[in-house]
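Participant: So for the sequence shown, my numbering puts the first residue at 35; every next one is plus one.
Positions of the beta carbon are idealized from the N, C-alpha and C atoms, including for glycine.
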Amino acid sequence: MVLEGNPEVGSPRTSDLQHPGNQGSCVLSSPSEDAQPGEEPIKYGELIVLGCCEEGGEETKAQRGEVAGPRAHSCYNGCLASGDKGRRRSRLALSRRPHANGVKPDVIHHISTPLVSKALSNRGQHSISYTLSRSHSVIVEYTHDGDTDMFQIGRSTENMIDLVVTDTSPGGGAAEGPSAQSTISRYACRILCDRRPPYTARIYAAGFDASSNIFLGVENESNVLQDGSLIDLCGATLLWRTPAGLLRAPTLKQLEAQRQEANAARPQCPVGLSTLAFPSPARGRTAPDKQQPWVYVRCGHVHGYHGWGCRRERGPQERECPLCRLVGPYVPLWLGQEAGLCLDPGPPSHAFAPCGHVCSEKTARYWAQTPLPHGTHAFHAACPFCGAWLTGEHGCVRLIFQGPLD
Numbered sequence: 035m036v037l038e039g040n041p042e043v044g045s046p047r048t049s050d051l052q053h054p055g056n057q058g059s060c061v062l063s064s065p066s067e068d069a070q071p072g073e074e075p076i077k078y079g080e081l082i083v084l085g086c087c088e089e090g091g092e093e094t095k096a097q098r099g100e101v102a103g104p105r106a107h108s109c110y111n112g113c114l115a116s117g118d119k120g121r122r123r124s125r126l127a128l129s130r131r132p133h134a135n136g137v138k139p140d141v142i143h144h145i146s147t148p149l150v151s152k153a154l155s156n157r158g159q160h161s162i163s164y165t166l167s168r169s170h171s172v173i174v175e176y177t178h179d180g181d182t183d184m185f186q187i188g189r190s191t192e193n194m195i196d197l198v199v200t201d202t203s204p205g206g207g208a209a210e211g212p213s214a215q216s217t218i219s220r221y222a223c224r225i226l227c228d229r230r231p232p233y234t235a236r237i238y239a240a241g242f243d244a245s246s247n248i249f250l251g252v253e254n255e256s257n258v259l260q261d262g263s264l265i266d267l268c269g270a271t272l273l274w275r276t277p278a279g280l281l282r283a284p285t286l287k288q289l290e291a292q293r294q295e296a297n298a299a300r301p302q303c304p305v306g307l308s309t310l311a312f313p314s315p316a317r318g319r320t321a322p323d324k325q326q327p328w329v330y331v332r333c334g335h336v337h338g339y340h341g342w343g344c345r346r347e348r349g350p351q352e353r354e355c356p357l358c359r360l361v362g363p364y365v366p367l368w369l370g371q372e373a374g375l376c377l378d379p380g381p382p383s384h385a386f387a388p389c390g391h392v393c394s395e396k397t398a399r400y401w402a403q404t405p406l407p408h409g410t411h412a413f414h415a416a417c418p419f420c421g422a423w424l425t426g427e428h429g430c431v432r433l434i435f436q437g438p439l440d
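1) Does the distance between the C-beta of P232 and the nearest non-hydrogen atom of the ligand ADP fall short of 7 Å?
2) Leaving out the 5 sequence neighbours to the left and right, which residues in its chain are closer than 6 Å to P363 when beta-carbon positions are compared?
3) Would you mind reading off the limits of the beta strand (DSSP E) that contains Y400?
4) When the Cα of L166 is compared with those of H160, Y176, Q186 and H144, which residue comes out closest?
5) How many whole angstroms separate the CB atoms of T276 and D266, which I take to be in contact at a CB cut-off of 8 Å?
6) Determine the closest residue to L286 out of D228, L375, L310 and H178, with distance taken between C-alpha atoms.
7) Measure the beta-carbon distance from H337 to P304 and round it to whole angstroms, keeping in mind my assumption that it falls under 8 Å.
8) Checking 8 Å against the spacing of the C-beta atoms, do C268 and I218 come in under that value?
9) Are there 16 or more other CB atoms within 10 angstroms of the CB of H247, so buried, or fewer, so exposed?
10) What does the alpha-carbon distance come out to for the pair P438 and Y339?
11) Can you say whether V476 is buried or exposed, counting buried as having 16 or more other CB atoms within 10 angstroms of its CB?
12) With 16 as the cutoff for other CB atoms within 10 Å, does E80 come out buried or exposed?
13) In the DSSP assignment, the beta strand (DSSP E) including G362 goes from what residue to what residue?
14) Looking at the unbroken beta strand (DSSP E) that takes in R236, where does it start and where does it end?
15) Between the C-alpha atoms of A296 and Q436, what's the straight-line distance to the nearest angstrom?
16) Within 8 Å, do at least three Cβ pairs link the region 420 to 437 to the region 278 to 292?
17) Could you check if S169 is buried or exposed, using at least 16 other CB atoms within 10 Å of its CB as the buried criterion?
18) Provide the residue span of the alpha helix (DSSP H) that contains E290, from first to last.
19) Just reading off the beta strand (DSSP E) that R432 is part of, what are its end residues?
20) How would you write the range of the alpha helix (DSSP H) that P407 sits in, first residue to last?
21) If the criterion is Cβ atoms closer than 8 Å, does the pair G136 and T182 meet it?
22) Over the uninterrupted alpha helix (DSSP H) stretch that includes R122, give me the two end residues.
23) Identify the residues that DSSP records as bridge partners of R353: which are they?
24) Tell me which residue opens and which closes the alpha helix (DSSP H) that R282 is part of.
25) Among Q403, L377, H408 and P407, which one has its Cα closest to the Cα of K396?
26) Just list the residues that DSSP pairs L197 with in beta bridges.
27) Is L310 helix, strand or coil by DSSP?
28) What first and last residue would you give for the beta strand (DSSP E) that runs through A321?
29) Check H133 in the structure and name its three-state DSSP category.
30) Quick one, are the C-beta atoms of A373 and P315 less than 8 Å apart?
31) Look at the alpha carbon of R282 and the alpha carbon of A398, and state the distance between them as a whole number of angstroms.
32) With DSSP collapsed to three states, give me the class of L375.
33) Under 8 Å, do R123 and Y78 count as touching if we go by C-beta distance?
34) How big is the Cα-Cα spacing for L424 and T177?
35) How would you call E73, buried or exposed, if buried means at least 16 neighbouring beta carbons within 10 angstroms?
36) How far does the beta strand (DSSP E) with L226 in it reach, from first residue to last?
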């Protein structure tokens, strides 16, 4: 499924997906279209995995049955929980290949016994088999296309897959290990990019396997990817950003400058009067430190961490704000570090509820109003940095900092 977005990562709509894939085959293309040595490759766009956050163990206070302390976190907020490694990563830039490896339809066969077809037994021949009925199948043989580049996405770690994606679940982390059941196809989808301007990218359901074959139950229509298109892999969701769209997003240097500017304002805890500061991303995301800002997500008042005000009758994570007396979740604030998920370089003024990831107002309001796929039939707004389902009336809250008293 592809959820199309407008040029500003706009309102999505649902549409069906289709199928082609990326085979690392050595197919030759026109010399005039090949990249020259030292030439900067043309970027078609980027795929970004909408994240999931994994919570670690609580402090010893919680283990003793006292007030829950800070939690350790790891998430897709800029990289995978276990770190980006090879083709298993949180984002992938699609650039023009040195040699075109795309394929296009060539010969169509209408047959009743597709499995004995030479097209399926020839590993050098890309083919797609559509089963239309018990007695009618269609096999489409594909031939090399020197005008397109092909990229494949899926759960398989075989060489023909460019981006290896594992399942994500809200608040539960990426599904890893042999016991984890995945709902993502080994060959989930493929993207064909035109090698000539305007470098149109089209997505198709499923990818070619090691035998260069694809088996489909029905025939589908192709989709043109736009900036902000969401790709549902039935277990993970990808965001497509075009080079033009990424120009509107902040850079990592801008995000770091915003962090330093926020800390330079010396926000204080209105009760403890301690100075608060967002930690550096270089430190890694472990447990919150002593200066970490925390927020009451119902009202937006920012404090330092404290262990009082817990309302156990309302739930283990419910706290009462000492300023306005509203009761709700009390969580640490983390700056969103995946720049491609941001719509503008605005100041970090809002936080998603209930996870506490911080971004600009425009970014927060957009994602709070964008339902993301959940399962095969449901949609729910979620934090793009960690995948947590958003709660409350607006799904985000404006942060209220107190400045220094001096």
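Facilitator: Walking through what the data contain:
1) Summarising the ligand content, the structure contains no ligands, and the ligand ADP is consequently not present.
2) Within the sequence shown, residue 363 is the residue found at index 329, counting from 1. Closer than 6 Å at the Cβ level, and outside the excluded window around P363, lie V331, Q351 and P388.
3) On the sequence shown, position 366 is the one that residue 400 refers to. Careful: Y400 lies outside any beta strand (DSSP E), inside the alpha helix (DSSP H) at E395 to A402.
4) Numbered from its first residue, the sequence shown carries residue 166 at position 132. Ranking H160, Y176, Q186 and H144 by Cα distance to L166 puts H144 first.
5) Here residue 276 corresponds to residue number 242 of the sequence shown, with the count starting at 1. Here residue 266 corresponds to residue number 232 of the sequence shown, with the count starting at 1. In fact, because the Cβ distance is near 19 Å, the residues do not count as touching under 8 Å.
6) Counting from one through the sequence shown, the residue named residue 286 turns up at place 252. Comparing alpha-carbon positions, the option among D228, L375, L310 and H178 lying closest to L286 turns out to be L375.
7) Residue mapping note: residue 337 aligns to position 303 of the sequence shown, counting from 1. Residue mapping note: residue 304 aligns to position 270 of the sequence shown, counting from 1. Rounded, the Cβ-Cβ distance is 7 Å, consistent with contact.
8) Along the sequence shown, read from residue 1 onward, the residue named residue 268 stands at position 234. Along the sequence shown, read from residue 1 onward, the residue named residue 218 stands at position 184. Here C268 is near I218, since their CB atoms are less than 8 Å apart.
9) Counting from 1 along the sequence shown, the entry for residue 247 is found at position 213. Correcting the residue type first, residue 247 is Asn in the shown sequence and not His. Residue burial is scored here from C-beta neighbours: N247 has at least 16 other C-beta atoms within 10 angstroms and is therefore classed as buried.
10) Stepping through the sequence shown from its first residue, residue 438 is reached at position 404. Stepping through the sequence shown from its first residue, residue 339 is reached at position 305. Straight-line measurement puts the Cα of Y339 at about 17 Å from the Cα of P438.
11) For the chain, the structure presents residues 35 to 440; residue 476 sits outside this window and is missing.
12) On the sequence shown, position 46 is the one that residue 80 refers to. Its Cβ being crowded by 16 or more others within 10 Å, E80 is buried.
13) For the purposes of this step, residue 362 is identified with residue 328 of the sequence shown, where counting begins at 1. It spans V361 to P366 - the beta strand (DSSP E) in which G362 sits, taken as one unbroken run.
14) As a working note, residue 236 is residue 202 in the sequence shown. Per DSSP, R236 is one residue of the beta strand (DSSP E) stretching across A235 to A239.
15) Taking the sequence shown and counting its residues from 1, one reaches residue 296 at position 262. Taking the sequence shown and counting its residues from 1, one reaches residue 436 at position 402. Between A296 and Q436, the C-alpha separation is close to 12 Å.
16) Too few Cβ pairs lie closer than 8 Å, so no.
17) In the sequence shown, counting from the first residue as 1, residue 169 sits at position 135. Classification of S169: exposed, given that the 10 Å Cβ count is below 16.
18) As a working note, residue 290 is residue 256 in the sequence shown. Note, E290: alpha helix (DSSP H), L286 to A298.
19) The residue you call residue 432 lines up with position 398 of the sequence shown. Start and end: C430 to R432.
20) Along the sequence shown, read from residue 1 onward, the residue named residue 407 stands at position 373. Annotation: P407 is outside any alpha helix (DSSP H); the continuous beta strand (DSSP E) that includes it extends over P405 to H408.
21) Position 102 of the sequence shown holds residue 136. Position 148 of the sequence shown holds residue 182. In contact: G136 and T182 (Cβ atoms closer than 8 Å).
22) Locating residue 122 in the sequence shown gives position 88, where the first residue counts as 1. Element bounds for R122: n/a, residue is neither H nor E.
23) If you number the sequence shown from 1, residue 353 lands on position 319. Its beta-bridge partners are C344 and G362.
24) The sequence position of residue 282 within the sequence shown is 248, counting from 1. For R282, the enclosing alpha helix (DSSP H) covers residues P277 to R282.
25) Here the question's residue 396 lines up with position 362 in the sequence shown. When each option's Cα is compared against that of K396, the closest is L377.
26) As a position in the sequence shown, residue 197 is number 163, starting the count at 1. I187, per the DSSP bridge assignment.
27) Taking the first residue of the sequence shown as 1, we reach residue 310 at position 276. When secondary structure is reduced to three states using DSSP, L310 falls in the coil class, being assigned neither helix nor strand.
28) Taking the sequence shown and counting its residues from 1, one reaches residue 321 at position 287. Going by DSSP, A321 is part of no beta strand (DSSP E) at all; its letter is neither H nor E.
29) Position 99 of the sequence shown holds residue 133. Per DSSP, reduced to three states, the secondary structure at H133 is coil, with no helix or strand assignment.
30) Locating residue 373 in the sequence shown gives position 339, where the first residue counts as 1. Locating residue 315 in the sequence shown gives position 281, where the first residue counts as 1. No, they are not a contact pair.
31) On the sequence shown, position 248 is the one that residue 282 refers to. On the sequence shown, position 364 is the one that residue 398 refers to. Whole-angstrom Cα-Cα distance: 15 Å.
32) The residue given as residue 375 occupies position 341 in the sequence shown. Assignment of L375 by DSSP, reduced to helix, strand and coil, places it in the helix class.
33) Along the sequence shown, read from residue 1 onward, the residue named residue 123 stands at position 89. Along the sequence shown, read from residue 1 onward, the residue named residue 78 stands at position 44. The answer is no: Cβ separation not under 8 Å.
34) In the sequence shown, counting from the first residue as 1, residue 424 sits at position 390. In the sequence shown, counting from the first residue as 1, residue 177 sits at position 143. Going by the C-alpha atoms only, they are around 46 Å apart.
35) Residue mapping note: residue 73 aligns to position 39 of the sequence shown, counting from 1. Sixteen is the threshold: since fewer than 16 other Cβ atoms of the shown chains lie within 10 Å of the Cβ of E73, the residue is exposed.
36) For this step, residue 226 is matched to residue 192 along the sequence shown. Unbroken beta strand (DSSP E) run through L226: C223 to D228.
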